[in-house]
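Trainee:
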Amino acid sequence: MKNNLKVLHIIIPMVFAIGMFAGCKNNIDDVAAYTEMDGLPIEIRKDVKMYYSQNGEVAALLTAPLMERYANEEEYTVMNEGLYVETYDSLMNVTSSIKADYGKNLPKVGLMEAKGNVKVINEKGEILNTEELFWDSKEGSIYTEKYVKITTQDEIIEGDGLLSNEDFSEYRIKKIRGIISLDDAEDN
Numbered sequence: 002m003k004n005n006l007k008v009l010h011i012i013i014p015m016v017f018a019i020g021m022f023a024g025c026k027n028n029i030d031d032v033a034a035y036t037e038m039d040g041l042p043i044e045i046r047k048d049v050k051m052y053y054s055q056n057g058e059v060a061a062l063l064t065a066p067l068m069e070r071y072a073n074e075e076e077y078t079v080m081n082e083g084l085y086v087e088t089y090d091s092l093m094n095v096t097s098s099i100k101a102d103y104g105k106n107l108p109k110v111g112l113m114e115a116k117g118n119v120k121v122i123n124e125k126g127e128i129l130n131t132e133e134l135f136w137d138s139k140e141g142s143i144y145t146e147k148y149v150k151i152t153t154q155d156e157i158i159e160g161d162g163l164l165s166n167e168d169f170s171e172y173r174i175k176k177i178r179g180i181i182s183l184d185d186a187e188d189n
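Have a look at this one:
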């Protein structure tokens, strides 16, 4: 009987320990899901001011309330709370500005996307309004396939699609919907 008690004292803790270890087995997929970093930013910045240079001179200034940088298959930066960009000439005069509710920058490709209430103003004071705009820094162009409205001193031009140089000083609307002369509108 004493031997049976000794055996039970040894067997019961062993069975309990084996049950505990067997119950604590981790599934490798579950562990990977908890440690997955693909959807998380590697860098978060607030109240950002970034200067871009070209040939040793400041070419643009980007400001954003929040910037998140991701490094998944493709490195990119997101500005979910909006952005404002000014471009400069060699004398640091503002040549154009871009404002939008959202921005995404793909630096390796040289492409920046602006979405939501996009507004571009050039040196002449001409204003472009659209909902989506792409800036291709390698080609030196801005473009969209969406609806555009350009307001100049003399007229308002509406259309679909636009191709322009990056300071918005020369542009072409792909499909013009209509032109309203501001001189005619003031006469009525």
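Numbered continuously in my numbering, the sequence shown closes out at residue 189. Don't be surprised by glycine CBs; every beta carbon is placed ideally from N, CA and C. Values in this document were obtained by computation on a predicted structure and should not be read as measured data.
1. Under 8 Å, do residue 82 and residue 108 count as touching if we go by C-beta distance?
2. For residue 90, name the three-state secondary structure that DSSP assigns.
3. I'd like to check one pair, residue 134 with residue 110: are the Cβ atoms closer than 8 Å?
4. What is the rounded straight-line gap between the Cα of residue 121 and the Cα of residue 99?
5. With a threshold of 16 other CB atoms inside 10 Å of the CB of residue 72, please say whether the residue is buried or exposed.
6. Leaving aside the five residues before and after residue 36 along the sequence, list all residues of the same chain whose C-beta is less than 8 Å from its C-beta, in chain order.
7. Just how far apart, CA to CA, sit residue 177 and residue 167?
8. From residue 53 to residue 89, what does the alpha carbon distance come to, in whole angstroms?
9. I think residue 128 touches residue 151, with their Cβ atoms under 8 Å apart; what is that distance to the nearest whole Å?
10. Answer yes or no: do residue 77 and residue 105 have a C-beta to C-beta separation smaller than 8 Å?
11. Quick one: which unbroken beta strand (DSSP E) runs of 3-plus residues sit fully inside the segment 78-144? Chain order, please.
12. For residue 91, count the other beta carbons within 10 Å of its own beta carbon; 16 or more makes it buried, fewer makes it exposed. Which is it?
13. Under DSSP, the beta strand (DSSP E) around residue 153 begins and ends at which residues?
Mentor: According to the structure data:
1. The sequence position of residue 82 within the sequence shown is 81, counting from 1. The sequence position of residue 108 within the sequence shown is 107, counting from 1. The answer is no: Cβ separation not under 8 Å.
2. Indexing the sequence shown from 1 puts residue 90 at position 89. In the structure shown, residue 90 sits in coil (DSSP, three-state: anything other than H, G, I, E or B).
3. Working through the sequence shown from its first residue, we reach residue 110 at position 109. Working through the sequence shown from its first residue, we reach residue 134 at position 133. No; because the gap between Cβ atoms is not below 8 Å, this pair is not in contact.
4. On the sequence shown, residue 121 is found 120 positions in, with the first residue counted as 1. On the sequence shown, residue 99 is found 98 positions in, with the first residue counted as 1. Each residue's alpha carbon lies about 4 Å from the other.
5. Along the sequence shown, one-based indexing puts residue 72 at 71. Counting Cβ neighbours within 10 Å, residue 72 comes out exposed, since fewer than 16 surround it.
6. For this step, residue 36 is matched to residue 35 along the sequence shown. Confidence in residue 36 is poor, its pLDDT being 49 and thus under 50, which makes the residue's placement unreliable; the coordinate value appears in the next sentence. Only residues of its own chain outside the window of five on either side were considered, and among them none has a CB closer than 8 Å to the CB of residue 36.
7. Here residue 177 refers to the residue found at position 176 when the sequence shown is read from its first residue. Here residue 167 refers to the residue found at position 166 when the sequence shown is read from its first residue. One C-alpha to the other measures close to 21 Å.
8. Counting from one through the sequence shown, the residue named residue 53 turns up at place 52. Counting from one through the sequence shown, the residue named residue 89 turns up at place 88. Straight-line Cα distance between these residues: approximately 10 Å.
9. What you label residue 128 is simply residue 127 of the sequence shown in a count that begins at 1. What you label residue 151 is simply residue 150 of the sequence shown in a count that begins at 1. With a Cβ gap of about 7 Å, residue 128 and residue 151 count as contacting.
10. Sequence index remark: in the sequence shown, residue 77 carries index 76 (1-based). Sequence index remark: in the sequence shown, residue 105 carries index 104 (1-based). Cβ distance < 8 Å, so residue 77 and residue 105 count as in contact.
11. Listed in chain order, they are 84-89, 95-101, 103-107, 112-123 and 128-137.
12. Sequence index remark: in the sequence shown, residue 91 carries index 90 (1-based). That one is exposed.
13. Your numbering for residue 153 matches position 152 in the sequence shown. That residue, residue 153, is in no beta strand (DSSP E); it is neither H nor E in DSSP.
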